[in-house]
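Numbering (my numbering), first residue to last: 402 to 796. Beta carbons: idealized from backbone N, C-alpha and C, even for Gly. Keep in mind the model is a prediction, meaning the values are calculated, not measured.
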RNA sequence: CGGGGCGUAGCGCAGCUGGAUUAGCGCACUUGAAUGGGGUUCAAGAGGUCCUGGGUUCGAAUCCCAGCGCUCCGACCA
C-alpha cells in the first residue's frame, strides 16, 4: 500500500477532551473518529487492526470447536420479557417501536436470541453439544461512555454460547473456551489476570474475568503481590446453567426420553475494546508499538527523497519483493519532510521500518528500525531484505 | 443520576474579568520558491452559524436566563 493513495489522517496535537493514552493515540494515528459520545467510526487503519484481531479470534474459536454465525441486532422485546431481563437491562437497552407498534430493541447481548434459535433446532441429546459464536456490534445506552472505545454505546463483541446435556459437558466446553481465550489474548500481546468473578445480571454459577492491568482500568484485581491494580476487562466467561433454557423452554430429550433444559455457557470478548487495551499496553512517548500479529502493516518503507530516482528505485524494489513474499507493506511515498515522515511512522507504529536515503545509499547502506525497542540497524542495501525477512520471522 | 470543567476555522488555543473598528494566534490546507536523515524556511492566499434560543444594551464572542453538546471524578454497569 502506498501512503499517498491511502487514508491515514494523523494528528500532530493531542485532541481536546481525551485523557487515556490509548484514546489519544487512536485518534492521532487516524484509527478511529468520534461521531458522538461513545459512538465511533473505524477508519481504514483502525478497521484493518480490528480485522486482524477478529482473525485471531476466529482461528482460536474455530480450533476450539465453535461455529460462527450472525444474529440480528434488531430484537423483539417479548423474548426479553420471558427471561425478565427487560427489567435487569432496562437502563442500557436502546428501545424503539416499529411501524406495527411492536416493542423492539437493539441487542445489548444475545443470550435470549441464541437460546430461542437453538430451541428451534435442537430437540435431542444427539444434537448436543454445540458451541456457536458471532462477532457483531452491540448496543448499550451507557450512562457514562468513556476512554474512547473502552466503554462505548456501540461496540464490537465476540460472543459465544455453548449448549450441553450435563454439567460435565459444560465444564469441558468452558475449559476449551478458557484455553482459547488465553491464546487469543497472548497473540494480541496481552497478559491478562484471570479472576473468578460475580455473575451479575448474567446469572449462573461460575464465571471468570480476563483483566489487563492498565492506568485507565475500570475494574480492580489483585496479581501475586496482593496489590490492587486497575484493570480493563477484555473478556468474561460464564457457566450459565439453565437460567435461559428454562425460562425460554429450550429443552432436549435425553437417552431415557426425559425432557431437560439445555445447560448453557456464554463467553464474551470486547473486540473493539481490545484495540484500546493493546495500545494502552504497547506504546511509548512517540506513539503506538503494535505487536506484530495485529499490526495494520508489517513493514513500513520510508524513502526520504521521493524525487531522487535512485532512492525511489531501491524503495520500489523492496516494495515489490516484499509484496511478492506476501508481507503487508506500507510505503510512505509522500513528498514530505523527513521529520514528518519519521514522526508519523513512529505514531502509527508499524513493527519494522526500513529507511532509504541518499546519504546512506552513497555508502551502499539503508537503515532498519524496530519500533518496539527503537533499535536501529544500518545494513547494506543488498542484505536488507534478508534481514527484514528474519525479523518478520521472529529471528 | 450527583459534582466539576469546557464549547471561538479541519485540529490545538487566545480574546470574555472591565461590551466597541474588519474576531486573532499556532498547526494543517492552497499556490510559488528554496530545502531534503527527526514535525525545515520564506512569500502570498483560502477557510468563521464565536454551540443554540431568548434577554439586557445604541452596540454582545464578551453580561443575564434557559437549553444542547463534549469531557473528567463518583455512583451504576455482562
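Spatial neighbours of residue 591 in its chain, beta-carbon cut-off 6 Å, leaving aside the 5 residues before and after
613
Are the beta-carbon atoms of residue 478 and residue 504 separated by less than 8 Å?
yes
Since residue 596 sits in a beta bridge, which residues does DSSP pair it with?
610
Looking only at C-alpha atoms, which of 423, 695 and 540 sits nearest to residue 684?
423
Suppose the cutoff is 8 Å on Cβ atoms and the five residues either side in sequence are ignored; what does the same chain contact list for residue 616 look like?
The beta carbon of residue 616 is closer than 8 Å to those of 421, 422, 631 and 681 in its chain, skipping five residues each way along the sequence.
If you measure between the beta carbons of residue 472 and residue 514, is that distance less than 8 Å?
Contact flag set, yes.
Looking only at C-alpha atoms, which of 730, 707, 768 and 693 sits nearest to residue 785?
768
What first and last residue would you give for the beta strand (DSSP E) that runs through residue 531?
531 to 540
Compute the beta-carbon to beta-carbon distance between residue 508 and residue 474, rounded to the nearest angstrom, for a pair I have assumed lies under 8 Å.
Confirmed, Cβ separation roughly 5 Å.
Report yes if the C-beta distance between residue 427 and residue 677 is below 8 Å; otherwise report no.
Yes, they are a contact pair.
Between the Cα of residue 569 and the Cα atoms of 762, 657, 665 and 584, which residue gives the shortest distance?
665
Cβ neighbours of residue 484 in the same chain (closer than 7 Å, five flanking residues each side left out)
Once the five neighbours on either side are set aside, the close Cβ partners of residue 484 are 513, 645, 648 and 649.
Are the Cβ atoms of residue 731 and residue 755 separated by less than 8 Å?
no
With distance defined between alpha-carbon atoms, name the residue in 458, 432 and 530 nearest to residue 442.
432
If you run the structure through DSSP and keep just helix, strand and coil, what is residue 551?
coil
Residue range of the alpha helix (DSSP H) that residue 744 falls in?
739 to 749
Close-in-space but distant-in-sequence residues of the same chain around residue 380 (CB under 7 Å, 5 per side omitted)
Outside the displayed range of the chain (402 to 796) lies residue 380, so it cannot be described from this structure.
I believe residue 439 touches residue 553 by the beta-carbon criterion, under 8 Å. Please report the beta-carbon distance rounded to the nearest angstrom.
5 Å
Please tell me whether residue 703 and residue 742 are closer than 8 Å, where the distance is taken between their beta carbons.
yes
Which of helix, strand or coil DSSP assigns to residue 477
strand
With a cut-off of 8 Å, do at least 3 Cβ pairs link the region 691 to 705 to the region 715 to 731?
yes
Indicate the three-state DSSP secondary structure (helix, strand or coil) for residue 640 in the structure shown.
strand
Pick out whichever of 775, 774 and 770 has its Cα sitting closest to the Cα of residue 788.
770
How many angstroms separate the CA atom of residue 434 from the CA atom of residue 411?
11 Å
Buried versus exposed call for residue 715 [16 or more other C-beta atoms within 10 Å across all chains shown]:
buried
Taking DSSP's pairing of strands, which residues face residue 634 in a bridge?
612
Residues in the same chain with beta-carbon distance under 8 Å from residue 451, minus the five sequence neighbours each way, listed in chain order, please.
Its chain contains 443, 557, 672, 673 and 676 as the residues whose beta carbon lies nearer than 8 Å to that of residue 451, once the 5 sequence neighbours on both sides are disregarded; these appear in chain order.
Tell me whether residue 574 is buried or exposed, calling it buried when 16 or more other Cβ atoms sit within 10 Å of its Cβ.
buried
Quick one: what does DSSP say residue 424 is sitting in, helix, strand or coil?
helix
Among the candidates 641, 643 and 619, whose CA atom is the shortest distance from the CA of residue 634?
It is 619 whose Cα lies nearest to the Cα of residue 634.
Taking the beta carbon of residue 580 as the centre, do at least 16 other beta carbons fall within 10 Å, making it buried, or is it exposed?
exposed
Considering residue 697, what are the terminal residues of the alpha helix (DSSP H) in which it resides?
Unbroken run through residue 697: none, as it is neither H nor E.
On the three-state DSSP scale, how would you describe residue 783?
Three-state DSSP puts residue 783 in coil, outside helix and strand.
Buried versus exposed, by CB contacts within 10 Å (16 or more), residue 414:
That one is exposed.
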